[in-house]
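A short worksheet on the structure shown next.
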Amino acid sequence: PGSAKVVLSRGRGAKTVFNGRRAVIGRRLGGGWAAVTPEGSQSAVKWRNGHWSEEQDDAPVAEQDDAPVTFEEAPLGWLPQDLIVRILKALPTPDTCSALQAARALAAYARGHGALCPFTECHLRDGVPAGLGVRPSRQLAFARYLGEARAQLRSLHVEHGTNEVDVVRWLLQECDTSALARAVIDSAKAPFGQMNTALEPTGLIDLTIRAPVLPQNRCGPFTEGVRPTIARTISGALAQHCPALTSLTFMKMAEDLPRLASITSLRRLEAAFLEVDDVNYLVKELPNLTHFIVHAGDRTALAYERLDLESTSLQSIDISASAKALSFERVNCPALREIVCGGNGAYGNGLALLVPNDGGGGFVRWEPDEVLRPGHPYDPGALCLFGTCWNDQEVPSPIEIPSACVVTWKQWGGWCVHATTSTTQGEVAKAYEEGRAAWGY
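Offset between the sequence shown (1-based) and the working numbering: plus 102.
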C-alpha cells in the first residue's frame, strides 16, 4: 500500500474516465476492494481487486498522450494461449518475470508445463536483474520449478560450488534440453556458491572467525532426484542430453575431456586447461569447432608450451589471456581466419614477428618498438614473417599460416595491432606507434 503502481481497467459509470490510467494503491478496504489514487486526481477512488493489473515499482511512466502501449498494458487476454506462450518465450528471463508479475491474467502461465512453460533460459548466477525466480534467494526454487515444468531451455548459465553440481545435472535430466544451444558453467572451488549462500540470514559467510558456520546444504533433493544413469560430470551430462549445443563456456577448468570431445555439435568453446595436449586433442576431435578461446588452468599451466593444431573447421583461436610465452609448433588449419595473441614483449604469447639475422644467419625476433634501435635488422618494405619463438634461449623458427589469417596482438593498454602475411613491417611499426600515441604511451 502506498507504493504499488497499477493500471486501472474495467471501471463503469463515473469511474470509466479512470480506465487505462495509472494509480497508486492505498488502504485495503476488504472484500477485494482498495482505495486507489489515479494520476491527476486528488481524491481516492474505490476500486475492486482484479480490475487492475499490477505494475513494477520502477516501470517508466509515459508523459506523452501518444506514448506507445507497453507490454504490461497490452490486452493479451484475448490472444490464443499458445501465442501468449510464444511471446513470453521470446523474452529474456527478467522480462518474462516482469510480464507475469505485471498482468494477473497471465499469472497462470507461470505454472505452465512443458511446451506451456514460458521460460527458455536458466540463469542461476550472480548479477541477474531481480525478478521472479532469479533473485539469489529464489534460485534453487527457480531451478526446481524449471525441472518440474519440463522447461524447454535454449540457454543455461549456472554458477555453482562443488556441492551444487547435482543441481546442474538434475536440470539437464529433467528439463527439455533438446534445443539447448548455449551453456555457461562457472565452477567455484568453494563447497557452496550463491545458490546456498543467498539463503543464509546475512547472505554472507564470515571467514574471519576461526570456525565459520558454512551454509546448510539445501541441494539434497536435487542429488536424490538424479538418476544413476546420468553422467557424473557436467561435460558428460551435456553430451548426454544436449544434442543441439553449439556454444559452451567453462569459466574455470574443463573436465571429462573424452565426453566433452563427444559433443560434436559444438562450434564455440571457451575453457581453461592444464596441458597443451588437451587443447590439441579437442581441436582435432571436434569436427564443427570454429571458435576456440583458451585460458590457463593456473598461473604456471601452458607457460612456454607449444600448440600443435590440426583442424579443417577452426576459424578463430584466442590465447591472449592464457599464459606467458604460449605459442605454436604447427598450425594446420586451412580455414583459420584469426589468431589472437597477447601483447608484444616479454610477457606476450602467440606468434612472434621474425626478421632475418644478417649477422649470424637464421632469424631473430623483433618488436615494433625496437625498430629505431641501432643495428636492428628492420626493413619497412619487407613482408611480415611469423614465428613461434618467445623464449630467448630457443632459436626462432618461422611458421606458416593461411594467407587470409589475421594475427592480432592485444597490447597491455587495451589497444590492438593487426597483421597478415601481406602486411609490411613498416605498416606494423606505424600501427604500433599510432596505438601508443593514442593511449598516451
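The beta carbon of each residue, even a glycine, is placed where N, CA and C say it ideally should be.
- Within the DSSP bridge table, the entry for Val433 names Leu411 as partners.
- Counting only runs of 4+ residues, the alpha helix (DSSP H) found wholly inside the stretch 366-409 occupies 378-387, in chain order.
- Here Lys426 carries a coil assignment [DSSP, helix/strand/coil].
- With contacts defined as CB atoms closer than 8 Å, Thr522 and Val509 qualify as a contacting pair.
- Residue pairing by DSSP places Ile419 opposite Phe394, Ile441 in a beta bridge.
- Here DSSP, grouped into helix, strand and coil, assigns Leu218 to helix.
- Between Arg114 and Trp135, the gap from beta carbon to beta carbon reaches 8 Å or more.
- Only buried fits Gly445, as 16 or more other CB atoms lie within 10 angstroms of its CB.
- When secondary structure is reduced to three states using DSSP, Pro345 falls in the coil class, being assigned neither helix nor strand.
- It is roughly 8 Å from the alpha-carbon of Asn265 to the alpha-carbon of Cys321.
- Bounds of the beta strand (DSSP E) holding Gly489 are 487-489.
- For Pro360, the three-state secondary structure derived from DSSP is helix.
- Taking the CA atoms as reference points, Leu409 sits about 8 Å from Val381.
- Shortest Cα-Cα distance from Glu261 to any of Ala253, Gln254, Val270 involves Val270.
- Residue pairing of Phe120 in beta bridges, as defined by DSSP: absent, with no partner found.
- Within the model, the alpha-carbon separation for Pro220 versus Thr525 is close to 52 Å.
- Around the Cβ of Gly452, a 10 Å sphere holds 16 or more other Cβ atoms; the residue is buried.
- Excluding the 5 residues flanking it on each side, Leu411 has same chain C-beta neighbours closer than 6 Å at Val385, Val433, Cys435, in chain order.
- A check of alpha carbon separations from Glu431 across Val442, Lys107, Arg240, Glu407 identifies Glu407 as the nearest.
- Close CB contacts of Ala425 within its chain, under the 6 Å cut and outside five residues either way in sequence, are with Ala398, Leu404, Ala405 (chain order).
- Going by DSSP, Leu248 is part of no beta strand (DSSP E) but of the alpha helix (DSSP H) stretching over 241-250.
- Per the coordinates, the alpha-carbon of Leu428 lies some 25 Å from the alpha-carbon of Val286.
- A straight line joining the alpha-carbon of Phe352 with that of Ser145 spans about 57 Å.
- Relative to Pro482, the option among Lys512, Gln527, Arg227 whose CA is nearest is Gln527.
- CA-CA distance, Leu376 to Val126, rounds to 58 Å.
- Residue burial annotation: Thr198 is buried, with at least 16 other C-beta atoms found within 10 angstroms of its C-beta.
- Proximity to Thr366 across His343, Ala454, Ala374, Cys518 peaks at His343, based on C-alpha coordinates.
- The beta carbon of Arg123 sits closer than 7 Å to the beta carbons of Leu110, Pro140, Glu141 from its chain, once the five residues preceding and following it are set aside; these are given in chain order.
- Comparing alpha-carbon positions, the option among Arg256, Pro389, Tyr534, Arg370 lying closest to Leu193 turns out to be Arg256.
- In the three-state scheme derived from DSSP, where H, G and I count as helix and E and B as strand, Gln254 is classed as strand.
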